[in-house]
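Number of protein chains: 2
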Amino acid sequence: MRLKLLIAYDGAPFRGWQSQTTGDAVQDHIEQAFTRLCGHRIVVHGAGRTDAGVHAHGQIAHADIAADTLPFDKWLPALNAHLPRQIRIMRITRPPADFHARFAARGKIYTYRIWNDVVLPPHELGRAWHFTHPIALPLLADCARMVQGTHDFAGFAANLGKTERDTTRTLSEVRIRKTGPLLTLRFHGDGFLYKMVRLLTGTLIRCAEGRADPAWITELLTACGRKKTSFAAPAPGLYLTRVLY
Amino acid sequence: MRLKLLIAYDGAPFRGWQSQTTGDAVQDHIEQAFTRLCGHRIVVHGAGRTDAGVHAHGQIAHADIAADTLPFDKWLPALNAHLPRQIRIMRITRPPADFHARFAARGKIYTYRIWNDVVLPPHELGRAWHFTHPIALPLLADCARMVQGTHDFAGFAANLGKTERDTTRTLSEVRIRKTGPLLTLRFHGDGFLYKMVRLLTGTLIRCAEGRADPAWITELLTACGRKKTSFAAPAPGLYLTRVLY
Chain W
20 MRLKLLIAYD GAPFRGWQSQ TTGDAVQDHI EQAFTRLCGH RIVVHGAGRT
70 DAGVHAHGQI AHADIAADTL PFDKWLPALN AHLPRQIRIM RITRPPADFH
120 ARFAARGKIY TYRIWNDVVL PPHELGRAWH FTHPIALPLL ADCARMVQGT
170 HDFAGFAANL GKTERDTTRT LSEVRIRKTG PLLTLRFHGD GFLYKMVRLL
220 TGTLIRCAEG RADPAWITEL LTACGRKKTS FAAPAPGLYL TRVLY
Chain G
20 MRLKLLIAYD GAPFRGWQSQ TTGDAVQDHI EQAFTRLCGH RIVVHGAGRT
70 DAGVHAHGQI AHADIAADTL PFDKWLPALN AHLPRQIRIM RITRPPADFH
120 ARFAARGKIY TYRIWNDVVL PPHELGRAWH FTHPIALPLL ADCARMVQGT
170 HDFAGFAANL GKTERDTTRT LSEVRIRKTG PLLTLRFHGD GFLYKMVRLL
220 TGTLIRCAEG RADPAWITEL LTACGRKKTS FAAPAPGLYL TRVLY
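Here the protein sequences line up with chains W and G, keeping their order.
The first sequence begins at 20 in the numbering used here and counts up by one.
The second sequence begins at 20 in the numbering used here and counts up by one.
As structure tokens, this is what we get:
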């Protein structure tokens, strides 16, 4: 029986989503919880491989378990009882038999949070990028419009050799919201390269604070990876908000 | 020269506001920061003595320092540089010479946060009371109306001997808001007895989940302390939101 899990986690205590030999990735903890309940190793397939320190409100994963292991409604409390409190299974459903958390995903939404003020309030510690320089919002909006659409994002990716060969992605929207000192950038795309959201955010902010020319963004988008940005916004500001199927 | 400080803190790492012999209260940390900058002991007077684990977005304190210690605009960064990141001075102003953070306060606003759902998402860990039983909102609103107004709140206080003799207070409003699973109770009063907000919240919720008769609230309000409630909501859900002058 296949289970579809909606997962939330605080990224701070873990070495990212993807299983590590050290066993301290989010995937490891969830697999260990399943393994304890099932008595044998269970593999959990996640939709997105978030980096160390990156948070998730809406990670999706699937796992296959023997139907007679537990009554369906016991899985949620049983898994959570075996997980650290910084990882919570928020909901479990039964997807179609051929559902695959990663391959069935049509897109994702990532949110990047920036606290743009002199002092970072304690409740934002580890949850936002504390950025004290002024950010020009109209300029940020212009830059965000430049990266929207279908582009070769190789200039906004790290470790490309290890991941996809096709580096063309479609960002259907980069939505910017400002509420007091809190600036959020919401990226809705059909897929994301490694570190793409953090590199996009870092580079957009670099331009919007006046320290880089927005024309550089066009260069990065048209150079097919021959030019690359290295301005990655820090991991703790990033959230995997939703996986779209 | 008197400084008025607006202070925010995460209550989790500290033993409350008030100075402890162990030196790990919020007041201790701020006094230590001043002392380092001034070279001699400085006393900081806070408006409200929050308990261990209770948070603050809007604590107010004052301190007297020699006018030539530092230029006025250096105090904010200098103090924050000497404080743990879970304590932040958010703003410093120069009040009238006779301003007293505690005695000049005309009232306070406390907010209590309850996460009323089966699973507590990781980002609410230590920031809300995780309450899984259903809460009847109309009943909660009725109970909240009962405690509004001027009453002897001795039945909703702990350790009275050590604090005020006059236990009459005016709660001008108890505002209830529900946004998804997040239930907030906002208490606006002219003053609060020790543990009063947590005892009010615990008792209101006890009634609103149907485990106590709301008539009990009337008894508690009219018994002048001869009857007392012991249902205190846990500290990590409570926030000192604002001090009113």
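Every residue, glycine too, gets a C-beta built ideally from N, C-alpha and C.
- Message: Cβ closer than 9 Å: which chain W residues qualify as neighbours of Ala231 (chain G)?
- Response: Position 212 of the second sequence, counted from the first residue, corresponds to residue 231 (chain G). Ala231 (chain G) does not reach chain W, its nearest Cβ partner there being about 27 Å away, counting only Cβ pairs nearer than 9 Å.
- Query: Using the beta-carbon of each residue, which ones in chain W are nearer than 7 Å to Leu202 (chain G)?
  - Reply: Here residue 202 (chain G) is taken as the residue at index 183 of the second sequence, counted from 1. Result: empty, since nearest Cβ-Cβ is about 18 Å, beyond 7 Å.
- Could you please give the first and the last residue of the uninterrupted beta strand (DSSP E) stretch that includes Val262 (chain W)? Within the first sequence, residue 262 (chain W) is the residue found at index 243, counting from 1. That run of the beta strand (DSSP E) goes Leu257 to Leu263.
- Simplified DSSP assignment, three categories, for His74 (chain G): Along the second sequence, read from residue 1 onward, the residue named residue 74 (chain G) stands at position 55. Reduced to three states, the DSSP call for His74 (chain G) is strand.
- In chain W, what lies closer than 9 Å to Ala27 (chain G) by C-beta? To locate residue 27 (chain G), count along the second sequence from 1; it is residue 8. Neighbours of Ala27 (chain G) on chain W, chain order: Val138, Pro140, Pro141 and His142.
- Message: Please identify the residue among G:Ile133, G:Thr187 and G:Lys23 whose C-alpha is closest to the C-alpha of Pro115 (chain G).
- Response: Here the question's residue 115 (chain G) lines up with position 96 in the second sequence. Ranking G:Ile133, G:Thr187 and G:Lys23 by Cα distance to Pro115 (chain G) puts G:Lys23 first.
- Status (buried if at least 16 other CB within 10 Å, exposed otherwise) for Ser38 (chain G): Here residue 38 (chain G) is taken as the residue at index 19 of the second sequence, counted from 1. With 16 or more other Cβ atoms within 10 Å, it is buried.
- Item | Segment limits, alpha helix (DSSP H) that includes Thr222 (chain W) | In the first sequence, the residue the question calls residue 222 (chain W) occupies position 203. Where Thr222 (chain W) is concerned, the enclosing alpha helix (DSSP H) stretches over Met215 to Ala227.
- Is the shortest distance between the beta-carbon of Gln105 (chain G) and the beta-carbons of chain C less than 8 Å? Absent here is chain C; the protein component of the structure consists of chains W and G.
- Query: Name the chain W residues that come within less than 7 Å of Asn99 (chain G), Cβ to Cβ?
  - Reply: As a position in the second sequence, residue 99 (chain G) is number 80, starting the count at 1. Within 7 Å Cβ-Cβ: Val138.
- Limits of the alpha helix (DSSP H) - the one that Val193 (chain W) falls within: The count along the first sequence starts at 1 and reaches residue 193 (chain W) at position 174. Annotation for Val193 (chain W): no alpha helix (DSSP H) segment contains it, though the beta strand (DSSP E) segment containing it runs Thr187 to Thr198.
- Message: Is it the case that the stretch 116-132 of chain G contacts the stretch 240-253 of chain W, given that we only count it when at least three CB pairs across the two stretches are under 8 Å?
- Response: No: the two stretches stay apart, fewer than three of their Cβ pairs being nearer than 8 Å.
- Message: Determine whether the beta carbon atoms of Ile79 (chain W) and Val262 (chain W) lie at a separation below 8 Å.
- Response: Locating residue 79 (chain W) in the first sequence gives position 60, counting from the first residue. Locating residue 262 (chain W) in the first sequence gives position 243, counting from the first residue. Yes, the Cβ-Cβ distance between Ile79 (chain W) and Val262 (chain W) is below 8 Å.
- Message: Please classify Met20 (chain W) as buried or exposed, where buried requires at least 16 neighbouring CB atoms within 10 angstroms.
- Response: For the purposes of this step, residue 20 (chain W) is taken as the residue at position 1 of the first sequence. Around the beta-carbon of Met20 (chain W), fewer than 16 other beta-carbon atoms lie within 10 Å, marking it exposed.
- Output the distance between the C-alpha atoms of Thr151 (chain G) and Ala242 (chain W), rounded to the nearest integer angstrom. The residue labelled residue 151 (chain G) in the question sits at position 132 within the second sequence. The residue labelled residue 242 (chain W) in the question sits at position 223 within the first sequence. Going by the C-alpha atoms only, they are around 54 Å apart.
- Query: Taking only beta-carbon atoms, is Met109 (chain W) less than 8 Å away from chain G?
  - Reply: Here residue 109 (chain W) corresponds to residue number 90 of the first sequence, with the count starting at 1. Yes, Met109 (chain W) counts as interfacial toward chain G.
- Message: Can you give me the C-alpha to C-alpha distance between Gly268 (chain G) and Cys226 (chain W), rounded to a whole angstrom?
- Response: Absent from the structure is residue 268 (chain G), since the part of chain G shown begins at 20 and ends at 264.
- If you count every other CB in all the chains shown that lies within 10 Å of the CB of Val62 (chain W), and 16 or more means buried, which is it? The sequence position of residue 62 (chain W) within the first sequence is 43, counting from 1. Exposed: under 16 other Cβ atoms inside 10 Å.
- Item | Cβ-based neighbour list, Pro233 (chain W), same chain, cut-off 8 Å, excluding 5 preceding and 5 following | Position 214 of the first sequence, counted from the start, is the residue given in the question as residue 233 (chain W). Excluding residues within five positions, the ones whose Cβ falls inside 8 Å are Leu158, Asp161, Cys162, Met165 and Cys226.
- Please classify Ile108 (chain W): does DSSP put it in a helix, a strand, or coil? Stepping through the first sequence from its first residue, residue 108 (chain W) is reached at position 89. If DSSP states are grouped into helix, strand and coil, Ile108 (chain W) belongs with the strands.
- Measuring CA to CA, which of G:Phe91, G:Ile106, G:Asp92 and G:Asn99 is closest to Gly72 (chain G)? As a first step, residue 72 (chain G) must be located in the second sequence, where it is residue number 53. Nearest of G:Phe91, G:Ile106, G:Asp92 and G:Asn99 to Gly72 (chain G), Cα basis: G:Ile106.
- Integer Cβ distance of Leu89 (chain W) from His48 (chain W), believed to fall under 8 Å: The count along the first sequence starts at 1 and reaches residue 89 (chain W) at position 70. The count along the first sequence starts at 1 and reaches residue 48 (chain W) at position 29. No, Leu89 (chain W) and His48 (chain W) are not in contact; Cβ-Cβ is about 18 Å, not under 8 Å.
- Query: Residues in its own chain within less than 6 Å of Met109 (chain G) by CB, not counting five upstream and five downstream?
  - Reply: The residue you call residue 109 (chain G) lines up with position 90 of the second sequence. Cβ neighbours of Met109 (chain G) beyond the five flanking positions: Leu25 and Ala27.
- Message: Please list the terminal residues of the continuous alpha helix (DSSP H) segment that includes Leu89 (chain G).
- Response: Numbered from its first residue, the second sequence carries residue 89 (chain G) at position 70. Segment: none, Leu89 (chain G) is in no alpha helix (DSSP H) and carries neither H nor E.
- Task: Below 8 Å on the Cβ atoms is my guess for Trp36 (chain G) versus Gly65 (chain G); work out the distance and round it to an integer in Å.
- Result: The count along the second sequence starts at 1 and reaches residue 36 (chain G) at position 17. The count along the second sequence starts at 1 and reaches residue 65 (chain G) at position 46. The C-beta separation of Trp36 (chain G) from Gly65 (chain G) comes to about 5 Å, placing the pair in contact by the 8 Å criterion.
- In chain order, each beta strand (DSSP E) run of at least 3 residues that lies wholly inside the stretch 155-184 of chain W: As for any beta strand (DSSP E) of minimum length 3 sitting wholly inside the stretch 155-184 of chain W, the runs are 168-171, ordered along the chain.
- Kindly list the residues whose CB is nearer than 8 Å to the CB of Pro153 (chain W), restricted to its own chain and excluding five residues on each side of it in sequence; keep chain order. If you number the first sequence from 1, residue 153 (chain W) lands on position 134. Same-chain partners within the cutoff: Asn135 and Glu228.
- Query: In chain order, what residues of the same chain have a beta carbon less than 7 Å from the beta carbon of Gly145 (chain G), not counting five sequence neighbours either side?
  - Reply: Looking up residue 145 (chain G) in the second sequence gives position 126. Hits under 7 Å: Ala31 and Pro255.
- So the beta strand (DSSP E) Arg21 (chain G) belongs to, where does it begin and stop? As a first step, residue 21 (chain G) must be located in the second sequence, where it is residue number 2. It spans Arg21 to Tyr28 - the beta strand (DSSP E) in which Arg21 (chain G) sits, taken as one unbroken run.
- Where the alpha helix (DSSP H) containing Thr237 (chain G) begins and where it ends: Walking along the second sequence from the start, residue 237 (chain G) turns up at place 218. Note, Thr237 (chain G): alpha helix (DSSP H), Ala234 to Thr241.
- Query: So, Arg173 (chain W) versus Lys214 (chain W), is the Cβ gap smaller than 8 Å?
  - Reply: As a first step, residue 173 (chain W) must be located in the first sequence, where it is residue number 154. As a first step, residue 214 (chain W) must be located in the first sequence, where it is residue number 195. For the sequence presented, residue 173 (chain W) should be read as Ala rather than Arg. Not closer than 8 Å, so no.
- Item | Distance, Arg104 (chain G) Cα to Leu139 (chain W) Cα | Start at 1 with the first residue of the first sequence, and residue 139 (chain W) comes out as number 120. Start at 1 with the first residue of the second sequence, and residue 104 (chain G) comes out as number 85. Rounded to the nearest angstrom, the two C-alpha atoms are 8 Å apart.
- Message: Helix, strand or coil, according to DSSP, for Asp83 (chain G) in the structure here?
- Response: Counting from one through the second sequence, the residue named residue 83 (chain G) turns up at place 64. Judged by DSSP in its simplified three-state form, Asp83 (chain G) adopts strand.
- With His207 (chain G) as the anchor, note down where its beta strand (DSSP E) starts and where it stops. Here residue 207 (chain G) corresponds to residue number 188 of the second sequence, with the count starting at 1. Boundaries of the beta strand (DSSP E) harbouring His207 (chain G): Leu201 to Gly208, taken from the DSSP string.
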